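Novice: Numbering (our numbering), first residue to last: 2 to 441. Each residue gets a CB set at the ideal place from its N, CA and C atoms; glycine is no exception. In this text, all values refer to a predicted model and were calculated from it rather than measured experimentally.
#1: Rounded to whole angstroms, how far is the Cβ of residue 137 from the Cβ of residue 88, which I believe are closer than 8 Å?
#2: Quick check on DSSP: helix, strand or coil for residue 205?
#3: What did DSSP end up calling residue 289 once you bin it into helix, strand or coil?
#4: According to DSSP, is residue 262 helix, strand or coil?
#5: Run the CB neighbour count on residue 149, radius 10 Å, all protein chains shown included, and call it buried at 16 or more, exposed below.
#6: Would you call the CB atoms of residue 260 and residue 236 closer than 9 Å?
#7: What did DSSP end up calling residue 135 once you bin it into helix, strand or coil?
#8: Beta-carbon of residue 106 versus every beta-carbon of chain D: anything under 9 Å?
#9: Among all the DSSP beta bridges, which residues are the ones paired with residue 66?
#10: If I'm right that residue 140 touches residue 57 with Cβ under 8 Å, what's the distance once you round it to whole angstroms?
#11: What beta strand (DSSP E) runs, 3 residues minimum, are completely inside the region 221–245?
#12: CB-CB under 8 Å to residue 384, same chain, minus the five flanking residues each way: which ones, in chain order?
#13: Considering only the alpha carbon of each residue, which of 357, 186, 426 and 229 lies closest to residue 98?
#14: Given a cut-off of 9 Å, decide if residue 315 and residue 289 are closer than it, judged by their beta-carbon atoms.
#15: Any idea if residue 435 is buried or exposed, counting beta-carbon neighbours within 10 angstroms, 16 or more meaning buried?
#16: Could you have a look at residue 190 and say whether DSSP puts it in helix, strand or coil?
#17: Does the distance from the CB of residue 249 to the CB of residue 204 come in under 9 Å?
#18: Residue 127 and residue 119 - do their beta-carbons sit closer together than 9 Å?
#19: Could you give the distance in angstroms between the alpha-carbon of residue 421 and the alpha-carbon of residue 188?
#20: Are the CB atoms of residue 78 and residue 348 nearer to each other than 9 Å?
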């Protein structure tokens with residue numbers, strides 16, 4: 002690792018407790034969000050898809066009902082199993098500990114489809130038929146942007162385990178939006194530093210043309226240039242495209258010594274095109290973000306050649322940070338054998354935090370849950386499991402839930418720190434974590 006002064010400004014490599022404890026709090030009062038009725042629709046959005054459904058189901062404030070809005074289908078479907086299993090495991094743990102408010106928590110599943118149209122239909126059902134108190138999802142930042150006003154405008158809490166778009170900070174209405182994944186303004190510099198640590202200084206950036214991709218690209222480019230590297234190509238592509246020959250030839254002409262790709266699963270086609278053009282990861286190292294972090298990378302590129310992913314590296318929010326709850330990695334592997342872990346811890350934490358906030362509030366009223374989300378995540382007696390935290394609440398103590406994904410310490414809608422895994426693929430197609438990096 003380089004010992005430049007810039008590196009120490011951007012990355013905190015020691016994952017000691019003091020790093021997380023020093024995370025700055027927001028200027029906003031964590032308890033200052035205005036009250037909102039859980040059954041009153043907000044004013045109509047300019048986007049018709051964001052309009053709150055006319056008929057909202059009555060919300061039961063004695064029983065906590067959590068809906069999921071996670072990718073069972075679509076371009077982010079590979080992220081679905083880790084997150085849906087993370088939520089299901091949390092609900093199991095909550096109910097085994099006595100539930101919340103004296104009742105079992107109810108889980109209602111829903112697909113975001115990695116698509117705004119699918120997500121809006123699911124949201125209409127969760128709000129209009131199921132009467133959920135909170136929704137976990139959506140997975141993609143672009144999808145959330147299309148539904149967040151509808152959910153929060155209905156006075157229902159939303160917690161995403163995987164939204165990383167920086168433009169989603171304090172999104173939605175009346176403070177009802179939260180996320181447990183750190184934003185790309187933290188991940189971008191981590192990926193850039195990884196590239197520069199490997200000695201690369203002429204970098205091509207190619208990203209999907211949406212808020213996630215273009216925003217991420219900006220943070221990567223800024224960090225590369227601040228570190229003295231040159232960005233020789235920086236363009237976006239249509240994620241619905243089926244041919245990437247023009248983009249690949251432009252990248253080849255730019256003569257980079259490394260390529261950064263920000264995409265969802267459609268990026269596999271672009272990688273295949275890079276390989277066909279002779280500038281695949283065996284020739285020019287390729288770095289990817291969390292949207293393409295999958296243990297099936299080699300199989301997706303070429304099922305007959307496990308070594309095809311050699312030369313691909315990347316970053317993703319850690320599902321097993323060193324400061325996260327120690328029990329979680331093994332417990333999740335037992336609960337969901339063979340399932341990837343990416344965003345599983347963040348999904349688990351969304352559900353646990355919602356239940357703790359409701360239990361502390363003494364009601365499943367979404368507005369009261371909202372007003373307790375920050376307080377259960379900081380400035381109290383530390384606890385790692387729902388059972389432990391619930392017992393402390395019942396004893397009248399303030400709690401500080403340090404969860405599966407690490408200390409949350411909400412700063413507005415966001416966790417105030419991030420822990421990332423730097424990974425690489427070997428010649429057998431295995432995805433291996435090189436180390437963790439903590440930033441704030």
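Specialist: Let's see:
#1: At roughly 6 Å, the Cβ-Cβ gap stays under 8 Å, so residue 137 and residue 88 are in contact.
#2: Three-state result, residue 205: strand.
#3: Secondary structure of residue 289 (DSSP, three-state): strand.
#4: If DSSP states are grouped into helix, strand and coil, residue 262 belongs with the strands.
#5: With 16 or more other Cβ atoms within 10 Å, it is buried.
#6: Result no, Cβ atoms of residue 260 and residue 236 do not sit closer than 9 Å.
#7: Shown here, residue 135 sits in a strand according to DSSP, grouped into three states.
#8: The chain labelled as chain D is not found in the depicted structure, where only one protein chain is given.
#9: The partner list for residue 66 (beta bridge, DSSP) reads 107.
#10: The Cβ separation is near 24 Å, so there is no contact.
#11: DSSP runs (the beta strand (DSSP E)) wholly in the region 221–245: 231–238.
#12: Closer than 8 Å at Cβ, skipping near neighbours: 390, 393, 400, 401, 402 and 403.
#13: The shortest Cα separation from residue 98 among 357, 186, 426 and 229 belongs to 357.
#14: In this structure, residue 315 lies closer than 9 Å to residue 289 by Cβ.
#15: The residue in question, residue 435, is exposed, as its Cβ has fewer than 16 Cβ neighbours within 10 Å.
#16: It is helical.
#17: For residue 249 and residue 204, no; Cβs fall outside 9 Å.
#18: Between residue 119 and residue 127, the gap from beta carbon to beta carbon reaches 9 Å or more.
#19: Near 7 Å, if we compare the C-alpha coordinates of residue 188 and residue 421.
#20: No, they are not a contact pair.
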